[in-house]
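In the numbering used here, the protein residues as written are 276 to 386.
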């Protein structure tokens with residue numbers, strides 16, 4: 276029997292409350308409110324999907340699609356996509372620094 280995912284593959288976005296801690300400064304809360312996590316998560320999801328079944332590491336994804344974005348704007352989206360079962364980790368591969376990075380790929384939509 277195929278595993279059922281808790282969330283829709285079309286569901287994106289993270290509540291600003293999950294992006295900050297209660298004791299963070301007001302400026303952090305304001306920044307969390309300003310982030311369009313729905314758009315960023317969708318962009319990251321779509322970009323990972325272009326790598327197909329072999330997936331990609333963060334360095335590849337950022338170099339190909341997100342050179343104009345800060346590191347944390349993109350890498351912060353991986354957790355939300357993983358938690359919702361929209362992407363999976365299929366291994367690891369060395370990045371530019373020589374250190375291992377997780378290989379991510381988009382999960383197939385349940386049928």
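Where a beta carbon is used, it is the ideal one built from N, C-alpha and C, also for glycine.
In this text, all values refer to a predicted model and were calculated from it rather than measured experimentally.
Straight-line gap, residue i to residue j (C-alpha atoms, nearest Å)
i           : j           : result
residue 349 : residue 316 : 8 Å
residue 352 : residue 371 : 20 Å
residue 375 : residue 288 : 28 Å
residue 362 : residue 300 : 32 Å
residue 330 : residue 359 : 18 Å
Burial state of residue i (16 or more Cβ within 10 Å)
i           : result
residue 337 : buried
residue 365 : exposed
CB of residue i within 9 Å of CB of residue j, strictly
i           : j           : result
residue 319 : residue 357 : no
residue 323 : residue 367 : no
Simplified DSSP state of residue i, which is helix, strand or coil
i           : result
residue 332 : coil
residue 323 : helix
residue 364 : strand
residue 359 : coil
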